[in-house]
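A short worksheet on the structure shown next.
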Amino acid sequence: MDKPQRNHPSTIISQTFKYIKGNFFIFIPMVLNNEILVSIAIGAGICILMAIYSILVWYTKKFYLKDNMLYYQTGIISKKVLTLSKDNISTMDIGQSFLQRIIGIYRLKVDSGSTTLGKAEVDIVLNKERIDYIKSVIETTTDSKIQKANTVQDKERSREFKCTNRELFILALTKNKLGLIVTLIVSSFTFLDDLLDTLKLDISKYVDKYFNIEDVIKKSMGELVVFSIQLFTVIYILSFIVSVIVTFIRYYNFIIYEQNNKLNIQYGLISLKKYTLPIKNIQAIKLKQTLINQWFKQYKVEVVTAGYGDEEKEEAIFYPLTDKVKLNILIDTLIPNFNFENIELKYPPKKAMKRFFIFPVIFSIVIFLVISFIFHKAVFIFMFMPIIIFSCYIEYRNNTMGYDESIFYGSFGAFSKTSIIIKMNSVQSITETTNYFQRKMGVCNYKIDFYSSKLIDILAIKNMHRYHFRGIEKNIEF
Numbered sequence: 001m002d003k004p005q006r007n008h009p010s011t012i013i014s015q016t017f018k019y020i021k022g023n024f025f026i027f028i029p030m031v032l033n034n035e036i037l038v039s040i041a042i043g044a045g046i047c048i049l050m051a052i053y054s055i056l057v058w059y060t061k062k063f064y065l066k067d068n069m070l071y072y073q074t075g076i077i078s079k080k081v082l083t084l085s086k087d088n089i090s091t092m093d094i095g096q097s098f099l100q101r102i103i104g105i106y107r108l109k110v111d112s113g114s115t116t117l118g119k120a121e122v123d124i125v126l127n128k129e130r131i132d133y134i135k136s137v138i139e140t141t142t143d144s145k146i147q148k149a150n151t152v153q154d155k156e157r158s159r160e161f162k163c164t165n166r167e168l169f170i171l172a173l174t175k176n177k178l179g180l181i182v183t184l185i186v187s188s189f190t191f192l193d194d195l196l197d198t199l200k201l202d203i204s205k206y207v208d209k210y211f212n213i214e215d216v217i218k219k220s221m222g223e224l225v226v227f228s229i230q231l232f233t234v235i236y237i238l239s240f241i242v243s244v245i246v247t248f249i250r251y252y253n254f255i256i257y258e259q260n261n262k263l264n265i266q267y268g269l270i271s272l273k274k275y276t277l278p279i280k281n282i283q284a285i286k287l288k289q290t291l292i293n294q295w296f297k298q299y300k301v302e303v304v305t306a307g308y309g310d311e312e313k314e315e316a317i318f319y320p321l322t323d324k325v326k327l328n329i330l331i332d333t334l335i336p337n338f339n340f341e342n343i344e345l346k347y348p349p350k351k352a353m354k355r356f357f358i359f360p361v362i363f364s365i366v367i368f369l370v371i372s373f374i375f376h377k378a379v380f381i382f383m384f385m386p387i388i389i390f391s392c393y394i395e396y397r398n399n400t401m402g403y404d405e406s407i408f409y410g411s412f413g414a415f416s417k418t419s420i421i422i423k424m425n426s427v428q429s430i431t432e433t434t435n436y437f438q439r440k441m442g443v444c445n446y447k448i449d450f451y452s453s454k455l456i457d458i459l460a461i462k463n464m465h466r467y468h469f470r471g472i473e474k475n476i477e478f
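With the first letter of the sequence shown counted as 1, position 248 gets the number 248 in full-length UniProt numbering; the numbers rise by one all the way through.
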C-alpha cells in the first residue's frame, strides 16, 4: 500500500450533505424570497457548488504507507503532509455511520494529541480489510515487529464489561431533560416564527378564534400553575420516551475491556463506534451526575485524553452509567492508577458556607422582585426561592477536593455534579485566588490546569482552606 490512495467515493456524498446541512438556514431566505423557478435554480446551484467542493476535497486527500509510517496529504491549494507512527498516536477510532454500514465500509480516525485542529488529524474511509491493515501497520514500528506480531499471541484481554439494559434504562430515566425540553420549545417557536414571516402568513386570527389571551390573563395563579404542570408533564413524558429510544440506540451492545495496555470500547446500533485509547495517554476521568444520580450514587464516566473528544459532540465514554460498587471494580480492573477510594476528601469550612448563598440569593431576589412588580404576582418569590436556596446548599456539599502523591480529586456543581480525578503528572499548574473577605476567613479559590483534549482544561474549586496549596504543590511534578 505504498501507492497513494483516496477515501471511498461515498465520502463525496456524505460531505456534500454535511455542507448543505451546516448552511441550511442561511440559504432558506435566498430560496423562499424568490419565484419557484428562481428558487429551484438557486438551490440546485448551491448543491452543485458544494458537490464540486466535496469532489476536490476527496481528490486532493491522499494517503499511503511507507516504512511502517502513514503519510496523509490534504489541501486543495496549499498541500500539507502529516506523518504518523505508533510513537506519536494518542487515539484510534473505528466507526460506521448508518450509510457506511449499508455499503460495508469503515471510518478510521487517528489523533496524535494535537488540539490545534479541533478535529481528527487523519480521517480515512475504506473497506474493513484495508482499515485493519492500516491500523496494524500504524501500531507497529518495524518489519520485525510485524513478523513478531504474526507469530506471538497478543496479551490476554482483561475482564470484559457490558452495559446492561437496566443501566441504559436508568440512564435514560435520570438524564437531565429540562435543557432539552426548553431548547426544543424555543427552537420550534423560533423556526415557526421565521418560516411564517418568510411565507408572509398571519395566524393570529386563527389563534384568537380558539385561544383568547385575555381569558388566560384573567385566570387565577393557581389555575395557571396547574395548567403549566400538566403541560410540562406531557412534554416530559414525551421527552422521556424519546430519551429511552435514543439511549438504547446509541449505547447498544456497549463493551469495554483492556488489552495490551489499551482500552478498547465499542457500542452503537445504527452508528457503530469502536475506539482504542492507550492507557498511558489518559490524563483524567470525569464522573458526571444529575441530581437523581447523586441520590442513588450513580455515575456517567468519561475519560480525558489529548486528541480524543476535540470534535463537536465527541466524548470518550468510559461507561454510560454505573453505581459506586461497579465503578470501583471498573477502575481497579481497567485503570487502577486512577483509584481514589483512599483519598481523604476536604470540604469548605462551615464559616465559608454563606459564600455559596449570598450572591445567588440576592441576585434571584432582585430578579423576582422585578418580575413581581411587572406582573403583580409576588408568588414568584415564594415559588422559586426554596429551589434557589436548595441549589446553593447542594453546591456547597458538592464542592470538595482531595489529593495524594499520585492523583488529585475535585468535584463541583449543584443539580449537575462533575467529579474529576486527575493524574498528578498531568497537572500543569495550580492557582490560588482570594479577595478581601476570603482572606478574613482563611479560604481561597483553587484552579487546577491539566492536560485534556482542549490542550489545557481547568478544574475550579471554591472557598477551600488556604493551607491546601502547599500540600498540593509538593505532589506536582513540574
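Each residue gets a CB set at the ideal place from its N, CA and C atoms; glycine is no exception. Note that the structure is predicted; figures quoted are calculated from it, not measured.
Identity of the residue in the options nearest residue i by Cα
i, options, result
"isoleucine 407", "Ile285, Lys350 and Ile461", "Ile285"
"phenylalanine 450", "Ile249, Ile422, Leu108 and Cys163", "Ile422"
"leucine 321", "Ile458, Ile335, Tyr446 and Arg166", "Arg166"
"threonine 60", "Tyr106, Asn7 and Val125", "Asn7"
"glycine 268", "Ile48, Lys346, Gly95 and Asp323", "Gly95"
"phenylalanine 412", "Arg159, Ile48 and Asn445", "Asn445"
"glutamate 344", "Leu459, Phe161 and His468", "His468"
"glutamine 15", "Asp67, Ile55 and Thr434", "Ile55"
"lysine 474", "Met441, Ile430 and Lys262", "Ile430"
"glutamate 139", "Asn399, Phe368, Lys262 and Ala41", "Lys262"
"threonine 400", "Leu459, Ile374, Pro278 and Gln230", "Leu459"
"methionine 353", "Gly45, Phe390 and Lys274", "Phe390"
"threonine 418", "Thr434, Ser426, Arg397 and Val427", "Arg397"
"phenylalanine 24", "Met50, Thr11, Ile36 and Thr433", "Met50"
Inter-residue CB distance, residue i and residue j (contact presumed, cutoff 8 Å)
i, j, result
"arginine 157", "glutamine 259", "4 Å"
"leucine 168", "valine 122", "Incorrect: roughly 32 Å between the Cβ atoms, too far for contact."
"proline 4", "lysine 62", "4 Å"
"threonine 276", "methionine 69", "Contact doesn't hold; Cβ gap of about 19 Å is too wide."
"methionine 464", "proline 360", "Rounded, the Cβ-Cβ distance is 19 Å, inconsistent with contact."
"serine 416", "threonine 233", "That belief does not hold up - the Cβ atoms of serine 416 and threonine 233 are roughly 22 Å apart, past 8 Å."
"leucine 330", "phenylalanine 437", "Not quite, the Cβ-Cβ distance comes to about 42 Å (not below 8 Å), so this is no contact."
"threonine 174", "asparagine 293", "5 Å"
"leucine 65", "isoleucine 134", "7 Å"
"cysteine 47", "isoleucine 13", "Going by Cβ atoms, the distance from cysteine 47 to isoleucine 13 rounds to 11 Å, so no, they are not a contact pair."
"glycine 442", "arginine 470", "Glycine 442 to arginine 470, Cβ: 14 Å. No contact."
Beta-carbon proximity check, residue i vs residue j, cutoff 8 Å
i, j, result
"alanine 316", "serine 452", "no"
"isoleucine 472", "glycine 410", "no"
"phenylalanine 356", "glutamate 395", "yes"
"isoleucine 256", "tyrosine 319", "yes"
"glutamate 302", "lysine 280", "no"
"valine 110", "isoleucine 89", "yes"
"lysine 346", "glycine 402", "yes"
"isoleucine 124", "leucine 108", "yes"
"aspartate 323", "lysine 297", "yes"
"valine 57", "isoleucine 76", "yes"
"isoleucine 476", "methionine 424", "yes"
"serine 364", "isoleucine 335", "no"
"residue 540", "alanine 172", "The displayed coordinates of the chain run from 1 to 478. Any statement about residue 540 would go beyond what the structure contains."
"cysteine 392", "phenylalanine 254", "no"
"asparagine 127", "isoleucine 102", "no"
"valine 304", "aspartate 457", "yes"
Helix, strand or coil at residue i according to DSSP, with G and I counted as helix
i, result
"aspartate 332", "helix"
"asparagine 7", "coil"
"tyrosine 451", "strand"
"alanine 306", "coil"
"alanine 352", "helix"
"cysteine 163", "coil"
"lysine 273", "strand"
"leucine 345", "coil"
"phenylalanine 169", "helix"
"arginine 107", "strand"
"lysine 280", "helix"
"asparagine 398", "helix"
"tyrosine 252", "coil"
"glutamate 139", "coil"
"lysine 262", "strand"
"aspartate 404", "coil"
"asparagine 435", "coil"
Report task. Within the region 15-91, note down every full alpha helix (DSSP H) run reaching 4 residues or more, in order along the chain. Result -> 24-32 and 36-60
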